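Colleague: Have a look at the structure that comes next, please.
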Amino acid sequence: MSASIQSSGGVITCRAAVAWGPGQPLVLEEVEVAPPKSMEIRVKVVCTSLCRSDVTQWQSQAQPDLFPRIFGHEASGIVEGIGDGVTEFEIGDHVLTVFIGECGRCTHCRSSKSNMCQNLGLERRGLMHSDQMTRFRVKGRPAYHYCAVSSFSEYIVVHSGCAVKINPTVRMDRACLLSCGVAAGIGAAWNVADISKESTIVIFGLGTVGLSVAQAAKIRGASRIIGVDINPEKFEKGKTFGVTEYINPDECREPVQQVIKKLTDGGADFSFECIGDTDIVSTALQSCCDGWGVTVTLGVPKTKPEVSTHYAFLLTGRTLKGSLFGGWKPKSDLPSLVDKYSNGEIKLDELVTHEIPFERINDAFDLMREGSCLRCVIHMQKEL
Ligand SMILES: NC(=O)c1ccc[n+]([C@@H]2O[C@H](COP(=O)([O-])OP(=O)(O)OC[C@H]3O[C@@H](n4cnc5c(N)ncnc54)[C@H](O)[C@@H]3O)[C@@H](O)[C@H]2O)c1
Ligand SMILES: [Zn+2]
Ligand SMILES: [Zn+2]
Numbered sequence: 514m515s516a517s518i519q520s521s522g523g524v525i526t527c528r529a530a531v532a533w534g535p536g537q538p539l540v541l542e543e544v545e546v547a548p549p550k551s552m553e554i555r556v557k558v559v560c561t562s563l564c565r566s567d568v569t570q571w572q573s574q575a576q577p578d579l580f581p582r583i584f585g586h587e588a589s590g591i592v593e594g595i596g597d598g599v600t601e602f603e604i605g606d607h608v609l610t611v612f613i614g615e616c617g618r619c620t621h622c623r624s625s626k627s628n629m630c631q632n633l634g635l636e637r638r639g640l641m642h643s644d645q646m647t648r649f650r651v652k653g654r655p656a657y658h659y660c661a662v663s664s665f666s667e668y669i670v671v672h673s674g675c676a677v678k679i680n681p682t683v684r685m686d687r688a689c690l691l692s693c694g695v696a697a698g699i700g701a702a703w704n705v706a707d708i709s710k711e712s713t714i715v716i717f718g719l720g721t722v723g724l725s726v727a728q729a730a731k732i733r734g735a736s737r738i739i740g741v742d743i744n745p746e747k748f749e750k751g752k753t754f755g756v757t758e759y760i761n762p763d764e765c766r767e768p769v770q771q772v773i774k775k776l777t778d779g780g781a782d783f784s785f786e787c788i789g790d791t792d793i794v795s796t797a798l799q800s801c802c803d804g805w806g807v808t809v810t811l812g813v814p815k816t817k818p819e820v821s822t823h824y825a826f827l828l829t830g831r832t833l834k835g836s837l838f839g840g841w842k843p844k845s846d847l848p849s850l851v852d853k854y855s856n857g858e859i860k861l862d863e864l865v866t867h868e869i870p871f872e873r874i875n876d877a878f879d880l881m882r883e884g885s886c887l888r889c890v891i892h893m894q895k896e897l
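Everything in the sequence shown is counted per the numbering used here, starting at 514 for the first residue and increasing by one.
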């Protein structure tokens, strides 16, 4: 491990897909990327996949002053520059970026019960954790970050606690999926719900996150995995990931929770909200059983952030939990998930429905908004 490697250089000029306003198509612009500061690294992004959270935040009108902004957070790359004090990485290391970091020192990092790092947690103001500034400039103005990653740029600066070194033989165009959505789903099933053998599961939303819950539930030996989605095409793919039954709520004559209760003799053991709709959180809670039913909510709400449900659903013994990044501590846990992909224990390839060059990044947004993709991998550095 080398003690002090110097950054490979000064300001880099490269291309980034810049959002100039909420919901406005991204524009490929020339941006300046500052060198990494203390405890930061600069990364050449190789692949980034589009997560629903990017689309939700890009469409949101809640923070109109945080533009121009560079979205993207599900990414793989190669370390290009190293800031002072960083001993963990060397230039050329392959990394995944993460939107929840691990400083290793705070109360939460030291607790086995949490991945909510107090120093490198979810960044909501479009700035870097360490100095509340940005490392990008576009047309002479600062450009805001997203989740302290901003992988829709050919080069990015991230805190060294928000990157995870991975085995360099693993495909970068697949490993990037583990940097957010797939890990979030698998971890929700294994770490947060702690699904037991023979249990009955209901998953609301069969996108990448929901299907990752499904594959993790199948691996744990769940006996029934019921998928609920308004898009029937998702069930075909769902079968590959272990979904055994499908319900289209638009075709139900009664509320979907009643249908599920009848199908499961009183409710499922576990239910998961993987859509980003807080009304569905209550539906998911009502779909699991009295006594021991557990609902895990993962979705990032598109609009109403409040959850409302009848108190009786909790009094009768259900538990409502939430999780970011599936409860994984990224540095401690992500390398073993990458190994599971390499060993064929978890699937990623089947979630990649589209691959496009960086120039066509707006197509990825269109595909996700139309509901016609799971993950679209954007190749940042090569022509396809
Ligand atoms: N908690 C975390 O750490 C974490 C990580 C990644 C993504 N997310 C969030 O998880 C959610 C899912 O992400 P994704 O990338 O799989 O999204 P996605 O858009 O690919 O999948 C969502 C699925 O929900 C379905 N759907 C939409 N409205 C529905 C409704 N009313 N009833 C039933 N099905 C409905 C869609 O057809 C789609 O198949 C998003 O809210 C995303 O922001 C959370
Ligand atoms: Zn920490
Ligand atoms: Zn994400």
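Idealized CB from N, CA, C, for every residue including glycine.
Keep in mind the model is a prediction, meaning the values are calculated, not measured.
Is the CB-CB distance between residue 736 and residue 758 below 7 Å?
Modeller: No, they are not a contact pair.
Colleague: Enumerate, from N- to C-terminal direction, the unbroken alpha helix (DSSP H) stretches of 4 or more residues contained entirely within the region 708 to 776.
Modeller: List check, alpha helix (DSSP H) in window: 721 to 732, 746 to 753 and 769 to 776.
Colleague: Return the CA-CA distance between residue 528 and residue 799, expressed in angstroms with no decimal places.
Modeller: The alpha-carbon atoms of residue 528 and residue 799 are separated by roughly 47 Å.
Colleague: Could you give the first and the last residue of the continuous alpha helix (DSSP H) run that contains residue 796?
Modeller: Per DSSP, residue 796 belongs to the alpha helix (DSSP H) from 791 to 800.
Colleague: Select from 626, 581, 645 and 693 the residue whose C-alpha is nearest the C-alpha of residue 653.
Modeller: Closest option to residue 653, Cα to Cα, is 581.
Colleague: Would you identify the three-state DSSP class for residue 849, choosing helix, strand or coil?
Modeller: Of the three classes helix, strand and coil, the one that applies to residue 849 here is helix, per DSSP.
Colleague: From residue 874 to residue 804, what distance separates their C-alpha atoms?
Modeller: Distance between the alpha carbons of residue 874 and residue 804: 47 Å.
Colleague: Assign residue 600 to buried or exposed, taking buried as 16 or more other Cβ atoms, counted over all protein chains shown, within 10 Å of its Cβ.
Modeller: When all chains shown are included, residue 600 counts as exposed.
Colleague: Less than 6 Å between the CB of residue 788 and some heavy atom of ligand 1, yes or no?
Modeller: Residue 788 Cβ: within cutoff of ligand 1.
Colleague: For residue 869, which beta-bridge partners are listed by DSSP?
Modeller: In DSSP, residue 869 forms a bridge with 891.
Colleague: Given the structure, does residue 889 come close to ligand 2, in the sense that its CB is under 6 Å from one of the ligand's heavy atoms?
Modeller: Because no heavy atom of ligand 2 lies under 6 Å away, the Cβ of residue 889 does not count as near it: no.
Colleague: Under 6 Å from any heavy atom of ligand 4, does the C-beta of residue 632 make it?
Modeller: Inclusion of ligand 4 in the displayed structure is not the case, the ligand content consisting of ligand 1, ligand 2 and ligand 3 alone.
Colleague: Where residue 891 and residue 591 are concerned, what is the direct C-alpha to C-alpha distance, given to the nearest angstrom?
Modeller: Their Cα atoms are separated by approximately 16 Å.
Colleague: Are the region 667 to 687 and the region 744 to 751 in contact at 8 Å, needing three or more beta carbon pairs?
Modeller: The region 667 to 687, when compared against the region 744 to 751, does not touch it at the 8 Å Cβ threshold.
Colleague: Measuring only the C-alpha atoms, how far is residue 802 from residue 771?
Modeller: Roughly 12 Å between the two C-alpha positions.
Colleague: What number of angstroms, rounded off, separates the C-alpha of residue 631 from the C-alpha of residue 778?
Modeller: If I take the Cα positions, the gap works out to 42 Å.
Colleague: What's the C-alpha gap between residue 619 and residue 629?
Modeller: Straight-line Cα distance between these residues: approximately 10 Å.
Colleague: Just reading off the beta strand (DSSP E) that residue 637 is part of, what are its end residues?
Modeller: No beta strand (DSSP E) holds residue 637; DSSP gives it neither H nor E.
Colleague: In this structure, how does DSSP classify residue 695 when only helix, strand and coil are distinguished?
Modeller: DSSP places residue 695 in helix when its eight states are reduced to three.
Colleague: Would you say the beta carbon of residue 585 is closer than 6 Å to some non-hydrogen atom of ligand 3?
Modeller: For ligand 3, not one heavy atom lies less than 6 Å from the Cβ of residue 585.
Colleague: Within 10 angstroms of the Cβ of residue 536, are there 16 or more other Cβ atoms? Answer buried if so, exposed if not.
Modeller: It is exposed - the Cβ of residue 536 has fewer than 16 other Cβ atoms within 10 Å.
Colleague: Using only alpha-carbon positions, find the residue among 888, 878, 884 and 894 that is nearest to residue 540.
Modeller: Residue 878 is the option with its Cα nearest to residue 540.
Colleague: Can residue 820 and residue 791 be called in contact, C-beta distance under 7 Å?
Modeller: Going by C-beta atoms, residue 820 is nearer than 7 Å to residue 791.
Colleague: Flag this pair as yes or no: are the beta carbons of residue 794 and residue 705 separated by less than 7 Å?
Modeller: The answer is no: Cβ separation not under 7 Å.
Colleague: Sort out for me which residues DSSP pairs residue 668 with in a bridge.
Modeller: In the DSSP output, where bridge partners are listed per residue, residue 668 has 557.
Colleague: Just to check, is the beta-carbon of residue 566 closer than 6 Å to a non-hydrogen atom of ligand 3?
Modeller: Checking the Cβ of residue 566 against ligand 3 gives yes.
Colleague: In chain order, what residues of the same chain lie with their CB nearer than 6 Å to the CB of residue 814, ignoring the 5 residues before and after it?
Modeller: Closer than 6 Å at the Cβ level, and outside the excluded window around residue 814, lie 789 and 791.
Colleague: Given a cut-off of 7 Å on the beta-carbon distance, is the pair residue 662 and residue 721 in contact?
Modeller: No; because the gap between Cβ atoms is not below 7 Å, this pair is not in contact.
Colleague: Output the boundary residues of the beta strand (DSSP E) element that contains residue 650.
Modeller: Element bounds for residue 650: 649 to 651.
Colleague: Report the option in 651, 533 and 886 whose CA atom is closest to the CA atom of residue 545.
Modeller: Cα-wise, what sits closest to residue 545 is 651.
Colleague: Reducing DSSP to helix, strand and coil, say where residue 527 ends up.
Modeller: The answer is strand: DSSP assigns residue 527 an E or B state.
Colleague: DSSP state of residue 673, grouped into three classes?
Modeller: DSSP places residue 673 in helix when its eight states are reduced to three.
Colleague: In angstroms with no decimal places, state the Cα-to-Cα distance between residue 473 and residue 655.
Modeller: No answer is possible for residue 473: it lies beyond the span of the chain, which begins at 514 and ends at 897.
Colleague: Using only the alpha-carbon positions, how far apart do residue 596 and residue 552 sit?
Modeller: Answer to the nearest angstrom: the Cα atoms are 6 Å apart.
Colleague: Got a sec: does ligand 2 put a non-hydrogen atom nearer than 6 Å to the Cβ of residue 622?
Modeller: Under cutoff, so the answer is yes.
Colleague: Please state whether DSSP places residue 854 in a helix, a strand or coil.
Modeller: Residue 854 falls in the helix class under three-state DSSP.
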